[in-house]
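Asker: Reading the sequence shown from the start, the letters are residues 1 to 379 in the UniProt record's numbering. Don't be surprised by glycine CBs; every beta carbon is placed ideally from N, CA and C. Have a look at this one before I ask anything.
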Amino acid sequence: MRCGSINLPINPHHPSIPFPFSKESKTERRDNSNMDPSRIKPPPMKDLTIENITENVIRTNSLCEDERMKYVLERLVTHLHDFARETRLSSSEWMAGLKFLTEVGQICTDVRQEFILLSDVLGLSLLVDSIDHPKPKGSTEGTVLGPFHTHEAEEINHGGRMSHDPRGEPLLVVCTLKDTTGSPIEGAKIDIWETDSTGHYDVQHAERNGPDGRCVLRSSHDGVFWFRAITPVPYPIPHDGPVGKLLGKLHRHAYRPSHMHFMFEKEGYDHLITYFPPPPPFFLALRKALALYLRNDPFETSDAVFGVKNSLLVDIGKAGPDYARKYGVAEDHALLAYDFVLVSEAETRELRAQNSRIALDRLGRKVKIVNGLPVPDLD
Ligand SMILES: [Fe+2]
1 MRCGSINLPI
11 NPHHPSIPFP
21 FSKESKTERR
31 DNSNMDPSRI
41 KPPPMKDLTI
51 ENITENVIRT
61 NSLCEDERMK
71 YVLERLVTHL
81 HDFARETRLS
91 SSEWMAGLKF
101 LTEVGQICTD
111 VRQEFILLSD
121 VLGLSLLVDS
131 IDHPKPKGST
141 EGTVLGPFHT
151 HEAEEINHGG
161 RMSHDPRGEP
171 LLVVCTLKDT
181 TGSPIEGAKI
191 DIWETDSTGH
201 YDVQHAERNG
211 PDGRCVLRSS
221 HDGVFWFRAI
231 TPVPYPIPHD
241 GPVGKLLGKL
251 HRHAYRPSHM
261 HFMFEKEGYD
271 HLITYFPPPP
281 PFFLALRKAL
291 ALYLRNDPFE
301 TSDAVFGVKN
311 SLLVDIGKAG
321 PDYARKYGVA
331 EDHALLAYDF
341 VLVSEAETRE
351 LRAQNSRIAL
361 DRLGRKVKIV
371 NGLPVPDLD
């Protein structure tokens, strides 16, 4: 099924997405003592104006016991109010925004997550990934995961076939996995997925029999993993909903350049499944992931979701005599060879703290973030 048609499934792994608009029952609401007006004492507010509404809202939210949540909400309210003050937002524009977000929510289903798509096309997904998973020079950068990862891929042996599309151009993929000191990483779990030759993931075909175009592999003692795929092709993100309409208004196309997704999992490395163990499907969708992009793709410099980075561009070459002999293919067989470098969790933590200090300094805020909270930066 072509993206853009109606009923386009995206990802079958969001059955338990905690929709922000999920309904509490009346009983649950009554039992929520945090909201009982006879038991809480909100800070007084009065005479609200354009100038003091922000501090009043922040003060009202200040009873929250989760300090990180309180901080994030404080900054969100501050920026949201400044946005309205700065743009001189009109009531009709405000209502148009609410209508748009309502439509984004209404088109979400168990297999379609329009909010992630919205985050992607606004560049927020890549921004958050880059902040939370910084990469030191020389290590492989991350990029957006996209909405098509599933957990049903079969584990295959090295040399196995991940795509059975007869119309795709056969591609030999040979990779190594190392740490930042150059030592091979053995036994990492590697999740790989790509579209078929028409630019559709398996989950986009209503008539599919099972997973295809996806597999799981384990790196060997020398960090090598290799498999047979097909040469990736460009494809459009789902654009039959409100996000697609937004792209149209902005004169943006919906295409992603040809790419293949990779996700690594190895204890001690930033791969990452560090959110909330065991992470529910919604958070899995936000995991750190990589993709390799074909150089000179027509959409290389205009990816609809901003995922392309120079270090992730690859060339498809020919196997040549050495690879042909070693991997049992013809010399003119298409080849993708790439060396991944994974960064450790400790390295990531250190870099995250460093970047945080630089970023806040640029914003003119003399604080640093410690355990998710701002503290005065006195160094
Ligand atoms: Fe993709």
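Please classify Ser139 as buried or exposed, where buried requires at least 16 neighbouring CB atoms within 10 angstroms.
Answerer: Counting Cβ neighbours within 10 Å, Ser139 comes out buried, since at least 16 surround it.
Asker: Examine chain D for any beta-carbon lying closer than 8 Å to the beta-carbon of Ala188, and answer yes or no.
Answerer: In summary, chain D is missing from the structure at hand, where a single protein chain is found.
Asker: If you follow the alpha helix (DSSP H) that Ala359 is part of, which residue opens it and which one closes it?
Answerer: Counting along the chain, the alpha helix (DSSP H) containing Ala359 begins and ends at Glu345 to Arg362.
Asker: Compute the minimum distance between the beta carbon of Gly146 and the heavy atoms of ligand 1, and state whether it is under 7 Å.
Answerer: Yes, the beta carbon of Gly146 sits closer than 7 Å to at least one heavy atom of ligand 1.
Asker: Could you pull out every residue in the same chain whose Cβ sits closer than 7 Å to the Cβ of Ser38, ignoring the five residues on either side in sequence?
Answerer: Around Ser38: no qualifying Cβ.
Asker: Report yes if the C-beta distance between Pro236 and Asp297 is below 8 Å; otherwise report no.
Answerer: Not closer than 8 Å, so no.
Asker: Between the alpha carbons of His221 and Leu294, how many angstroms are there, rounded?
Answerer: In a straight line, the C-alpha of His221 is about 28 Å away from that of Leu294.
Asker: At the level of alpha carbons, what is the spacing between Glu194 and Tyr338?
Answerer: Rounded to whole angstroms, Glu194 to Tyr338 spans 16 Å at the Cα level.
Asker: Distance check for Glu300 and Val233, CA to CA, integer angstroms please.
Answerer: For Val233 and Glu300, the distance between alpha carbons rounds to 12 Å.
Asker: Is DSSP giving Val243 helix, strand or coil here?
Answerer: DSSP places Val243 in helix when its eight states are reduced to three.
Asker: Under 8 Å, do Ala254 and Ser219 count as touching if we go by C-beta distance?
Answerer: Result no, Cβ atoms of Ala254 and Ser219 do not sit closer than 8 Å.
Asker: Drop a sphere of 10 angstroms on the beta-carbon of Val375, count the other beta-carbons inside from all chains shown, and report buried for 16 or more, exposed for fewer.
Answerer: The residue is exposed, with fewer than 16 neighbouring Cβ atoms inside 10 Å.
Asker: Answer with buried or exposed for Leu342, where buried requires no fewer than 16 other C-beta atoms within 10 angstroms of its C-beta.
Answerer: With 16 or more other Cβ atoms within 10 Å, it is buried.
Asker: When DSSP builds the beta bridges, which residues end up paired with Val224?
Answerer: Note: Val224 sits in a beta bridge opposite Thr176.
Asker: Identify every residue that forms a DSSP beta bridge with Lys368.
Answerer: DSSP output for Lys368 lists Val375 as bridge partner(s).
Asker: Sorry if obvious, but does the Cβ on His205 come closer than 7 Å to a heavy atom of ligand 1?
Answerer: No - ligand 1 has no heavy atom lying nearer than 7 Å to the Cβ of His205.
Asker: Would DSSP call Pro321 helix, strand or coil?
Answerer: In the structure shown, Pro321 sits in a helix (DSSP, three-state: H, G or I).
Asker: Look up Cys215 in the DSSP assignment and give the residues it is bridged to.
Answerer: In the DSSP output, where bridge partners are listed per residue, Cys215 has Ile192.
Asker: Determine the DSSP secondary structure at Arg252, reduced to helix, strand or coil.
Answerer: Coil at Arg252, not helix or strand.
Asker: Quick one: what does DSSP say Ala229 is sitting in, helix, strand or coil?
Answerer: DSSP places Ala229 in strand when its eight states are reduced to three.
Asker: Can you list the beta strand (DSSP E) stretches of 3 or more residues lying completely in the stretch 94-139, in chain order?
Answerer: None, since the stretch 94-139 contains no complete beta strand (DSSP E) of that length.
Asker: Using the DSSP secondary-structure output, state which residues sit across from Glu265 in a beta bridge.
Answerer: For Glu265, which the question treats as bridged, DSSP gives the partners Lys189.
Asker: If contact is defined by three or more beta carbon pairs under 8 Å, each pair taking one atom from either stretch, is the stretch 169-178 in contact with the stretch 206-214?
Answerer: Flag = no, the stretch 206-214 and the stretch 169-178 do not touch.
Asker: Counting along the chain, where does the beta strand (DSSP E) carrying Tyr71 start and finish?
Answerer: No beta strand (DSSP E) holds Tyr71; the alpha helix (DSSP H) holding it covers Glu67 to Thr87.
Asker: Measure the C-alpha to C-alpha separation of Phe264 and Val329 and round it to an integer number of angstroms.
Answerer: So the two alpha carbons sit approximately 27 Å from each other.
Asker: Between Ile192 and His261, how many whole angstroms is the CB-CB distance? I'm expecting something under 8 Å.
Answerer: 7 Å between Cβ atoms; contact.
Asker: Leaving aside the five residues before and after Glu141 along the sequence, list all residues of the same chain whose C-beta is less than 7 Å from its C-beta, in chain order.
Answerer: So the list reads Lys135, Lys309, Ser311 and Leu312, once near-sequence residues are dropped.
Asker: Quick one: Cα of Asp377 to Cα of Leu145, how far?
Answerer: Taking the straight line joining both Cα atoms gives about 34 Å.
Asker: Find out if the Cβ-Cβ distance for the pair Val216, Ile185 is shorter than 8 Å.
Answerer: No, the Cβ-Cβ distance between Val216 and Ile185 is not below 8 Å.
Asker: What are the boundary residues of the alpha helix (DSSP H) that Val57 is part of?
Answerer: Where Val57 is concerned, the enclosing alpha helix (DSSP H) stretches over Ile53 to Thr60.
Asker: State the start and end residues of the unbroken beta strand (DSSP E) segment that holds Ala334.
Answerer: Here the beta strand (DSSP E) through Ala334 covers Ala334 to Leu342.
Asker: Could you tell me the distance, in whole angstroms, from the CA atom of Ser356 to the CA atom of Ser119?
Answerer: About 22 Å.
Asker: Leaving out five residues on either side along the sequence, give the residues of the same chain with a beta carbon under 6 Å from the beta carbon of Met45.
Answerer: So the qualifying residues of the chain are Asn56.
Asker: By a C-beta neighbour count over all protein chains shown, 10 Å radius and 16 as the cutoff for buried, is Val243 buried or exposed?
Answerer: Buried, since its Cβ has 16 or more Cβ neighbours within 10 Å.
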